[in-house]
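Residue numbers (the numbering used here), protein chains in the order written: chain A, 1 to 537; chain B, 1001 to 1291; chain C, 2001 to 2322.
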Amino acid sequence: MGKKSWGKKAAGGFAAVMALSMVLGGCGTNNKQNAEGEGGKKEVSVSIYDRGQIPKEEGTYADNRWTRWINGNGPVNAKFIPIPRNESQQKYSMLFASGDAPDLVLEYDTDFLNSLWAQKQLLPLDDLIANNSTEYKALLEKVPALRTLGTKPDGKLYLIGMVTKPEVLGAMVIRQDWLDKLGLEVPQTIDELYAVADAFANQDPDGNGVKDTYGINLSQFATYYIDAMFQNEMFIVENDQLVRQFDRIKPAYDFKKKLFEGGIVDKDFLSDKNGQKAEQDFASGKLGIYLAYSTVISKNFDTLKSTDPNAKVTAMAFPETQFGRFGPDFNPALQMTGAVNANAKDPEAVMQYIDFMVTPSTVETFAYGIEGENYTKESDGTFKPIDEATNETQMGYTNDYRMFMPKYILDTNTIGGRPADSTDPIDREWIAIAEQMDKLYLDPEHPHPGFTHAKFRPSLDKAMTTTFNDGWNTMNDTMAKSIVSGDAYTVDQGVEDVKKSWYASGGQALEDWYKQWYQDNKDSWIFMKELYTMKFE
Amino acid sequence: MKSTSGEKVFYGVNYFILVLAALSCLLPIVHILALSLSGNEAITLGKVSLWPQDFTWTAYSKLIEDTNIVGAFRNSVVITLVGTGLNMAFTILAAYPLSRKHFYARRFLTLAIVFTMLFTAGLIPNYLLAKSLGLVGNYGALWLPGLVSVYNLLVLRSFFENIPEELEDAARIDGSGEWRIILQIVLPLSIPVIATIALFYGVAHWNSFFNVLIYINDPERFNLSVLVQNMIQSQSLMSELAMLDPDAFRKLAPESIRSAGIIVMILPMLLVYPFLQKYFVKGMLIGSVKG
Amino acid sequence: MGSLDIQAKKNSEKAERLRTNSALGKRRRWNMNKPLLIMFLPIAIFFILFKYVPMFGFVIAFKDYNFADGILGSPWVGFENYKYLFQNPDTLGIIRNTLVLSALTVFVGFPFPVILAILLNEVRRSWFKRWAQTLLYLPHFLNWVIVGGLVLMLFSIETGFVNTMLERLTGSTYPFLFKESSWITIFVASGIWKTAGWSAIIYLAALTSIDPSLYEAAGMDGAGKWKQILHITLPGLMPTIILMFILNIGNVMDVGFDQVYVLQNPVVVNVAEVISTWNFKVGLGSGQFSYATAMGLFESLIGLTLVLVVNGIARRSGRGLW
């Protein structure tokens, strides 16, 4: 009996040693699978976000009509690895640590892709594209910016990206019927904005005799949009130098503080992190000026119209401040979204997959569906959906397969997210607003402040990333405190503390680095204005 | 026995506190239930408090038709039942020897086990280990690494220690081995704590979320918790993600469906607990000693 | 009562030791241990394989971990990661906040499950007891996002229930969520609300092992409810209370990410930023496993120290874990 148990113990010890060696070994076994799949096609593995929102009858993100379509019509056999959307980076990290990462990695967060590059997990694509690609190569020639943004400091191309048309993201709308009632105009300057917001909050624009309206919202992204009006970005170009500015913080926050103390905004805006309360206020007709994503405004516009059919809403330009006139955040035409795993078994097959997915006919299929099933082609060449509801079920989840597709070649049949030919009066009303937004917010004369779009800032090392993010958080938190604290914590004190904390956490080094980087790259990088003027046909 | 006036006051205060506390727990659930049965417009406008507005079953029918909630529910049940069974068997096997005073190296082993509770290796080493043992992609990765929870083990051990030794000594004299002592004396006398620990393990399995996402690759094998948490969590992290991925923003599940998910998730727990409570019988141990 | 118990325990331990010293005792002890060892063997394998083997991963706290080189191959950096973490001016404040919030959660929150269990124990109508118990444990199943929403419904300035009442009574409101002291109170209280009913279960189980005849005897002697609780119920629960306390104190650095993240707001960030939320916001959490591991090791060391101290104290009264 005793002997037997010792034998078992030894076996257990052996298992432990084995496991230990495997844990410490890192990448584990490189299982050289047979690269040949069904039908003699090569196998590639491709990541796909799992948002948990695929209709049951369609299958899973890894196996549905579109994955089958890709494998039936494409040159390679793609195996889709589902990546949980909300834990994508954790999941990728585990897969890379264990050597199981997919050949093609698709991820929106370029900082994460950069960290993969820094860990030598990405494959340089220059030669691969030169020798094995036709479609993506052509796209790179047509859109050279795609190469600029995908190239890492070692001078090689690593990232692939998507080319679309620039799209409105943030927006500012105002209740036109309230303006009319109070005899006011759409505000053009920041002082007029304050006056109008004040009137909205204090002059009973909804005429119910109760002071229950707010002039403007400050929740969620709205506070950043007010920063944008004052060009309050961390790094801006001034006198041909890229500098960290501090002098715009005070005017921006003086304005916010005045709004707060004047009772013009919801006193709870700081705890309305998801903007839900502001949505509710707007939808129930209690909010006069609404700063939010245009999609969010659109959603709540319908509710507003049903609570108050007489409500009239207009999109407005950001008002002018002493620093100029700017615009809200927008979705630029380019977005870097993917890279090839350095350990991909068959990089050429991965390239074939990429080429297939960026081919115009594939792009069209993923936008409109399959002819005869999802749409019919009209004599004038436009696509007419057969049944909207069926298409929503069958195609509502395809966006993540299209993450690096050149969507700019498509003719959109929607405006502001609604069918362009809709006859519904509320749709028509929104379409008019959305067209106005396109004009106002995609205007290169009034760009979003900052030297380039947040997605295209140069990649920083670990220490500087911390400094940057720390500086950003501290600024927002400290200054937010100054809004609500009255005399106990003034805006001036806040600015002082922001400065102090910036230099204490290595801000100077980051400033120097950025300055130098700008001198070296000012002719080659993609800057903000260019993002507005880029046009692809 | 007659209640004295002091006792009456005591019971009155006691009921009062408990009713208040229970209400504070009941009202939020009623609110969520009302949300799950209300129209989305009424929810957006903030009209729903404790009673559904624009009553509708849509959220539930959508959950059942559009999502794999039935499969996810089944997976949750499998994960919970098998997992809890394994947990209980091994935790009892661990707790019994550690509760015996004559067990070699008892103190050392206890310390060594507590140590593992304080020093838990990070995600990567655990993932690599699970992979090298072939656990990634199957439920083994959910069951084996958490086979024995230190917390539950120590709780069980401390209850085992309380069982009077005379009972066992008597059994030993009758010629019973350790296994029979466990089965015939220790376990029957520990039913309340066994039920408690089974509940702890079961609930942990029922709620397991992150491990399922990391270790299970096939979405068909995801559990209810992943399905529901995905809907809720996406909301709290959304402002961080929104700038990169506006699509995520557009596709948020409406509040009524999220609430329906929570109700489906909680309902089995509401049914299981009263069932377990009947094992919380008082004075079991004492009776056996005297008898 | 309690001290008698301890005395008995000490005596039996002494007798045990005496027995083991003789040769006969040794053989007998071996015979008694054999089945226990066999029983424990799979458990030992489990702990070695699943708990101790992965602990070698802690080496990356002293390395610059990258995926390409793996745990073994990544270059050593000594204490660089710690230097980096502790050079950041925010770090000390964050560690302080973590300790304060969790210490409050442990110390203030600790009595509530015990009280709840005692109150439930004194309920005579069994249907009421069953319902109350079940309702009280439900919050454990609510996600923090939901609880955060409930907190807003109660404490927001303009629409919160408490402030609406306050305004009606006193004519003014109070920014509960934006004052550090009231925020901390709400933080701790919401934690108690969410977990007390759940944690009470273990005490309810412990209550079943108290001899009901003790209460009868005390009742005969004319001891009131209060005295009975003080002299019978509490001493009966004491071993479990101590056990729970030692286990809780070990996790004192482990403030749940969700609770803080959901409840915090910019105004209270000076007291509300903890290690995990800071990691998340600054972006150390994602790719930078070395920092995370370095911080984790530090947290574990603090936890270990506290557990050793508390267990040392508990041992003096014969109630230590080991």
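Ideal placement from N, C-alpha and C gives every residue a C-beta, glycine not left out. Since we're looking at a predicted model, the values are computed, not measured.
Quick one: Cα of Gly2222/C to Cα of Leu1153/B, how far?
Counted from its first residue, the third sequence places residue 2222/C at position 222. Counted from its first residue, the second sequence places residue 1153/B at position 153. So the two alpha carbons sit approximately 40 angstroms from each other.
If you draw a straight line from the C-alpha of Gly2197/C to the C-alpha of Ile2118/C, how long is it? On the third sequence, position 197 is the one that residue 2197/C refers to. On the third sequence, position 118 is the one that residue 2118/C refers to. Taking the straight line from one Cα to the other gives about 12 angstroms.
Legend entry - Contacts of Glu1041/B in chain A (Cβ-Cβ under 9 angstroms): Counted from its first residue, the second sequence places residue 1041/B at position 41. Ordered by position in chain A, the residues that pass the 9 angstroms Cβ test against Glu1041/B are Ala283, Asp302, Thr303, Ser306 and Thr307.
What number of angstroms, rounded off, separates the C-alpha of Gly2323/C from the C-alpha of Thr2185/C?
The shown model of chain C, from 2001 to 2322, leaves out residue 2323/C, and the question about it has no answer.
(Q) So if I threshold CB-CB distances at 7 angstroms, which residues from the segment 1110-1128 of chain B count as touching chain A? (A) Leu1123, Ile1124, Pro1125, Tyr1127 and Leu1128
Partner residues on chain B for Phe2289/C, Cβ-Cβ distance less than 7 angstroms = Position 289 of the third sequence, counting from 1, holds the residue named residue 2289/C. Per Cβ cutoff of 7 angstroms: Gly1122 and Ile1124.
Note to self: For Asp240/A, report the span of its beta strand (DSSP E) as first-last.
What the structure shows: Taking the first sequence and counting its residues from 1, the one referred to as residue 240/A is at position 240. That residue, Asp240/A, is in no beta strand (DSSP E); it is neither H nor E in DSSP.
DSSP beta-bridge partners of Ser45/A: Numbered from 1 along the first sequence, position 45 holds the residue referred to as residue 45/A. In DSSP, Ser45/A forms a bridge with Lys79/A.
- Can a CB atom of chain C be found closer than 8 angstroms to the CB of Thr337/A? Locating residue 337/A in the first sequence gives position 337, counting from the first residue. No, its Cβ sits nowhere closer than 8 angstroms to a Cβ of chain C.
Chain B partners of Phe2298/C, CB-CB under 7 angstroms?
Mapped onto the third sequence, residue 2298/C falls at position 298. Within chain B, no residue comes near Phe2298/C; the closest Cβ sits about 11 angstroms away, beyond 7 angstroms.
Query - Under 9 angstroms by beta carbon: chain C residues contacting Gln121/A - result: Position 121 of the first sequence, counted from the start, is the residue given in the question as residue 121/A. In chain order: Asn2066, Phe2067 and Ala2068.
**Q.** Nearest-angstrom Cα separation, counted from Lys499/A out to Gly507/A
**A.** Stepping through the first sequence from its first residue, residue 507/A is reached at position 507. Stepping through the first sequence from its first residue, residue 499/A is reached at position 499. In a straight line, the C-alpha of Gly507/A is about 9 angstroms away from that of Lys499/A.
_Since Thr2105/C and Val2188/C should fall inside the 8 angstroms C-beta cutoff, what is the C-beta to C-beta distance between them, to a whole number of angstroms?_
As a first step, residue 2105/C must be located in the third sequence, where it is residue number 105. As a first step, residue 2188/C must be located in the third sequence, where it is residue number 188. With 8 angstroms as the limit, Thr2105/C and Val2188/C qualify as a contact, their Cβ atoms being about 6 angstroms apart.
Worksheet item: Which residues in the same chain as Ile483/A place their Cβ atom closer than 7 angstroms to its Cβ, once the five residues preceding and following it in sequence are excluded?
Response: On the first sequence, residue 483/A is found 483 positions in, with the first residue counted as 1. Cβ neighbours of Ile483/A beyond the five flanking positions: Tyr253, Lys256, Lys257 and Phe260.
### Query
For Pro1219/B, which option in Leu270/A, Val243/A and Ile48/A has the closest C-alpha, if you only look at C-alpha atoms?
Locating residue 1219/B in the second sequence gives position 219, counting from the first residue. Looking at the Cα atoms, Ile48/A is the closest of the given residues.
Margin query: Given 7 angstroms as the limit, tell me if Tyr1015/B has its C-beta closer than that to any heavy atom belonging to the ligand NAD.
Written below: The ligand NAD is not part of this structure, which contains no ligands at all.
task = Just the C-alpha distance for Asn2251/C and Asp443/A, rounded to the nearest angstrom, thanks.
result = Walking along the third sequence from the start, residue 2251/C turns up at place 251. Walking along the first sequence from the start, residue 443/A turns up at place 443. Looking at the two C-alpha atoms, the distance is approximately 54 angstroms.
Would you mind stating whether Leu2243/C and Ser1190/B have Cβ atoms separated by less than 8 angstroms?
Within the third sequence, the letter at position 243 stands for residue 2243/C. Within the second sequence, the letter at position 190 stands for residue 1190/B. Not in contact: Leu2243/C and Ser1190/B (Cβ atoms no closer than 8 angstroms).
_Please tell me whether Met172/A and Pro328/A are closer than 8 angstroms, where the distance is taken between their beta carbons._
For the purposes of this step, residue 172/A is taken as residue 172 along the first sequence, with counting starting at 1. For the purposes of this step, residue 328/A is taken as residue 328 along the first sequence, with counting starting at 1. In contact: Met172/A and Pro328/A (Cβ atoms closer than 8 angstroms).
**Item:** Assigned secondary structure, Pro124/A (DSSP; H/G/I helix, E/B strand, else coil)
**Value:** Taking the first sequence and counting its residues from 1, one reaches residue 124/A at position 124. Coil at Pro124/A, not helix or strand.
Notebook entry, point to check: Can the beta-carbon of Phe2178/C be found closer than 8 angstroms to that of Leu270/A?
Noted result: On the third sequence, residue 2178/C is found 178 positions in, with the first residue counted as 1. On the first sequence, residue 270/A is found 270 positions in, with the first residue counted as 1. Yes.
Can you grab the Cα-Cα spacing for the pair Asn473/A / Asn2033/C, in whole Å? As a working mapping, residue 473/A is identified with position 473 in the first sequence. As a working mapping, residue 2033/C is identified with position 33 in the third sequence. Distance between the alpha carbons of Asn473/A and Asn2033/C is about 59 angstroms.
Requested in this report: Could you tell me whether the Cβ of Gly2312/C comes closer than 8 angstroms to any Cβ of chain B?
Outcome: As a position in the third sequence, residue 2312/C is number 312, starting the count at 1. Not one chain B Cβ lies under 8 angstroms of Gly2312/C.
Problem set entry | Close Cβ partners of Phe404/A (< 8 angstroms) along its chain, the five nearest in sequence each way excluded | On the first sequence, position 404 is the one that residue 404/A refers to. Answer for Phe404/A: Leu106, Ile160, Gly161, Met162, Thr337, Gly338, Ile354, Met357 and Val358, listed in chain order.
Nonlocal neighbours in the same chain, by C-beta distance under 7 angstroms from Gly285/A, ignoring five residues either side | Position 285 of the first sequence, counted from the start, is the residue given in the question as residue 285/A. Result list for Gly285/A: Asp206, Leu304, Thr307, Asp308 and Ala311, in chain order.
Practice problem: Report yes if the C-beta distance between Phe2056/C and Leu1147/B is below 8 angstroms; otherwise report no. | Solution: Taking the third sequence and counting its residues from 1, one reaches residue 2056/C at position 56. Taking the second sequence and counting its residues from 1, one reaches residue 1147/B at position 147. Contact flag unset, no.
- Looking at chain A, which residues of the segment 1217-1230 of chain B have a Cβ within less than 9 angstroms of any of its Cβ atoms? Asn1217, Asp1218, Pro1219, Glu1220, Phe1222, Val1226, Leu1227, Gln1229 and Asn1230
Can you give the Cα-Cα distance for Leu182/A and Ala199/A, rounded to whole angstroms? Here residue 182/A refers to the residue found at position 182 of the first sequence. Here residue 199/A refers to the residue found at position 199 of the first sequence. Distance between the alpha carbons of Leu182/A and Ala199/A: 8 angstroms.
* Asked: Does Thr466/A come within less than 8 angstroms of chain C when only Cβ atoms are used?
  -> Against the first sequence, residue 466/A aligns to sequence position 466. Output row for Thr466/A: interface = yes.
Under 7 angstroms by beta carbon: chain C residues contacting Gly996/B: Beyond the ends of chain B as shown, which are 1001 and 1291, falls residue 996/B; an answer cannot be given.
Kindly indicate which three-state DSSP category Phe330/A falls into: helix, strand or coil?
-> On the first sequence, position 330 is the one that residue 330/A refers to. Residue state, collapsed to three classes: strand.
Pair within 8 angstroms by beta-carbon distance, Ser88/A and Val168/A: Looking up residue 88/A in the first sequence gives position 88. Looking up residue 168/A in the first sequence gives position 168. No, the pair does not count as a contact, with Cβ atoms beyond the cut-off.
Check: Sorted by chain position, which residues of the same chain lie with C-beta nearer than 6 angstroms to Gly1261/B's C-beta, five sequence neighbours on each side aside?
Finding: In the second sequence, residue 1261/B corresponds to position 261, counting from 1. Correct list, in chain order: Val1228 and Met1231.
query: Helix, strand or coil: how does DSSP classify Lys167/A here?
result: Along the first sequence, one-based indexing puts residue 167/A at 167. One point to set straight first is that residue 167/A is Glu, not Lys, in the sequence displayed. Three-state DSSP puts Glu167/A in a strand.
Where Leu2230/C falls, given that 16 or more other Cβ within 10 Å makes a residue buried: As a position in the third sequence, residue 2230/C is number 230, starting the count at 1. That one is exposed.
### Query
Do three or more CB pairs link the segment 214-222 of chain A to the segment 430-448 of chain A at distances below 8 angstroms?
no
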